[in-house]
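*Asks:* Numbering (mature numbering (1 follows the signal peptide of the UniProt record, and there is no 0)), first residue to last: -32 to -1, 1 to 306. For glycine and all other residues, C-beta sits at the position ideal for the given N, C-alpha and C.
1. Helix, strand or coil for residue 153? Go by DSSP, reduced to three states.
2. Among the candidates 113, 168 and 244, whose CA atom is the shortest distance from the CA of residue 273?
3. Report the CB separation of residue 261 from residue 182 in whole angstroms; it is logged as a contact under 8 Å.
4. Hey, residue 204 and residue 180 are a contact pair by Cβ (cut 8 Å); roughly how many whole angstroms apart?
5. Please go through the same chain and pick out, in chain order, the residues whose beta-carbon is closer than 8 Å to the beta-carbon of residue 121, but skip the five residues on each side of it.
6. Am I right that residue 116 and residue 74 are in contact with their C-beta atoms under 8 Å? What's the rounded C-beta distance?
7. Residue 242 lies in the beta strand (DSSP E); which residues open and close that run?
8. Rounded to the nearest angstrom, how far is the Cβ of residue 361 from that of residue 241, given a contact under 8 Å?
9. Helix or strand or just coil, what does DSSP make of residue 226?
10. Using a Cβ-Cβ cut-off of 8 Å (strictly less than) and excluding sequence neighbours within five positions of residue 265, which residues of its own chain qualify?
11. Name the residue from 163, 154 and 103 whose alpha carbon lies nearest to the alpha carbon of residue 127.
12. Between which two residues does the beta strand (DSSP E) carrying residue 261 extend?
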């Protein structure tokens, strides 16, 4: 058995007491409570959460030392630890902001005229989970194999689980590793790692972006009357977002030329004709491109004609109606009495 100026079984705290008290740290095992061969007592374990304060006590009992004399020289190198005077002959220890390293056996021994009397207690420190190693956000191509890792410490040891937040399915794992073989675009999203023990829960997230080549939706042919405004639309699904190009008869269309306008935003591109001419009719090709590939669709711009219901009243009125029709569009005339 060694004699040291410690309350604990490690060297973090050091007290110098000018008392007739010996603080003993046994080298062997602690005797169990109720040992009839000595005055030693072993109290129940004290369980305390990290960050809390603790007195060395068990239930209503304080682990304290009794002395016949106490001087003024009481000192600790750790400001979290204080020696508390209960009365002139009784002392106990208070530890503030308990840390994991404070866990261990604490022994108080009083030297009497016959033999030392000891009291010991074991502090168990519970620590809430803390995630200490987590995969970074990932950007991968569709079909890649993905492994996410989440490691945490705590006491009791935390259980770790993964889940895909944006999914209604069972995409997840009850392990610190989440394996996703040949990842698809449907498995892109935010993954949450949770570390749980009896004390608390820690949760953090990882975002996975899955890149894939464009898929262009089938184009819808558009009919426009000569001289009217027409719009062709092209929509593509792609990550990253696609760039769009428009062609007519293998000739690329330049935005702003020949009275045409191309506006692309997100997954949609529009080709607008402000005044359709005879030369505008025909087949158009929309091409969506990103770094993983391209896709295209064909759209037909075709001519539509006005159909009027004309009731003849006189030859003179017919001439007036004919001249009127030359200068007005179908949008405004559907039924004329001539």
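*Replies:* In terms of the structure at hand:
1. helix
2. Selected option, being the one with the closest Cα: 244.
3. With 8 Å as the limit, residue 261 and residue 182 qualify as a contact, their Cβ atoms being about 7 Å apart.
4. Going by Cβ atoms, the distance from residue 204 to residue 180 rounds to 11 Å, so no, they are not a contact pair.
5. 95, 97, 98 and 100
6. Going by Cβ atoms, the distance from residue 116 to residue 74 rounds to 42 Å, so no, they are not a contact pair.
7. Bounds of any beta strand (DSSP E) do not take in residue 242, whose DSSP letter is neither H nor E.
8. The first residue shown for the chain is -32 and the last is 306, placing residue 361 beyond what the model contains.
9. coil
10. 184, 185, 186, 187, 202, 253 and 254
11. 163
12. 261 to 272
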